[in-house]
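The block underneath contains the structure these notes are about, expressed in structure tokens.
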Amino acid sequence: MTIPVECHYMARMALWSGLLLFLFTVIGMEGFAYAAHRWVMHGPGWFLHKSHHRPRTGNWELNDLYAVIFAVPSIVLILGGVQLGWWPGCAWIGAGIAAYGAIYFGFHDVIVHRRLPTRYLPKSPYMKRIVQAHRLHHVVETKAGTVSFGFLVAPKPEALKAELRRRSRAGIRAPNSRVFAEK
12 MTIPVECHYM ARMALWSGLL LFLFTVIGME GFAYAAHRWV MHGPGWFLHK SHHRPRTGNW
72 ELNDLYAVIF AVPSIVLILG GVQLGWWPGC AWIGAGIAAY GAIYFGFHDV IVHRRLPTRY
132 LPKSPYMKRI VQAHRLHHVV ETKAGTVSFG FLVAPKPEAL KAELRRRSRA GIRAPNSRVF
192 AEK
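Numbered per the numbering used here, the sequence shown spans residues 12 to 194.
See the structure below:
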């Protein structure tokens, strides 16, 4: 006996097309995250993001509201694509946004900032590069003058250190010997 299952949103789009759309969305989100971080969070949205550049005094910081803000389009697109009869690609795009958010949370909040307990230590050159690039981003405590705004794609730490040395402007913390001694 077969039970008919209505899955109209999937029937209108080939699985491979949906998976490609999902994958391109995840990849494209790095560009969006870079732009949002550089020109929104370190611009008019600094009033929320500055909490992330200060020592945290609890489990939460105002910057965490960005996770909620960026989750809204994902939820709306998934809902529209699955339940409201929108173009089915909307669901795949929403899922791609959510997947990027989960990847970002794992890298940024768990691995780099250790907001959840973990014994993971970066060993691969890629992971070490991402962690170091983000730590160099936090060398600057003001909204201007910092480096490395992307997250899953990061410039070489040597290039970031050289740029920070070149700028050597107000708002940069006292140089950490590990950060600035290496050339």
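Idealized CB from N, CA, C, for every residue including glycine.
As the structure is a prediction and not an experimental result, all values here were calculated from the model.
| Query | Result |
| --- | --- |
| Where Val164 sits in the DSSP three-state scheme | coil |
| Pair within 7 Å by beta-carbon distance, Ala102 and Val93 | yes |
| Coarse secondary structure for Val121, derived from DSSP in three states | helix |
| Minimum C-alpha distance to Ile141 - residue among Ser159, Val151 and Leu31 | Ser159 |
| Runs of alpha helix (DSSP H) lying entirely within the stretch 59-101, each at least 4 residues, in chain order | 76-93 |
| Reduced DSSP category for Val221 - H, G, I as helix; E, B as strand; rest coil | Residue 221 lies beyond the residue range present for the chain, which begins at 12 and ends at 194; the question has no answer from this structure. |
| Cut-off 6 Å between Cβ atoms - residues of its own chain near Ser85, not counting five sequence neighbours on either side | Gly105, Ile108 and Ala109 |
| Simplified DSSP assignment, three categories, for Val151 | strand |
| Contact set for Pro133: own chain, Cβ-Cβ below 6 Å, skip 5 residues either direction | Lys139 and Val142 |
| Local conformation of His53 per DSSP, three classes | coil |
| Nonlocal neighbours in the same chain, by C-beta distance under 7 Å from His48, ignoring five residues either side | Phe160 |
| Where the alpha helix (DSSP H) containing Leu31 begins and where it ends | Leu26 to Ala46 |
| Thr13, buried or exposed, once every other Cβ within 10 Å from all chains shown has been counted against 16 | Unreliable placement is indicated for Thr13, whose pLDDT of 49 sits below 50; no coordinate value is reported for it. |
| Reduced DSSP secondary structure (H/G/I, E/B, other) of Pro136 | helix |
| CB of Asn74 within 7 Å of CB of His60, strictly | yes |
| Local Cβ density within 10 Å of Phe33, reported as buried at 16 or more and exposed below that | buried |
| Straight-line gap, Glu152 to Phe58 (C-alpha atoms, nearest Å) | 13 Å |
| Contacting residues, own chain, Cβ-Cβ under 8 Å from Glu174 (five flanking each side not counted) | Val158 |
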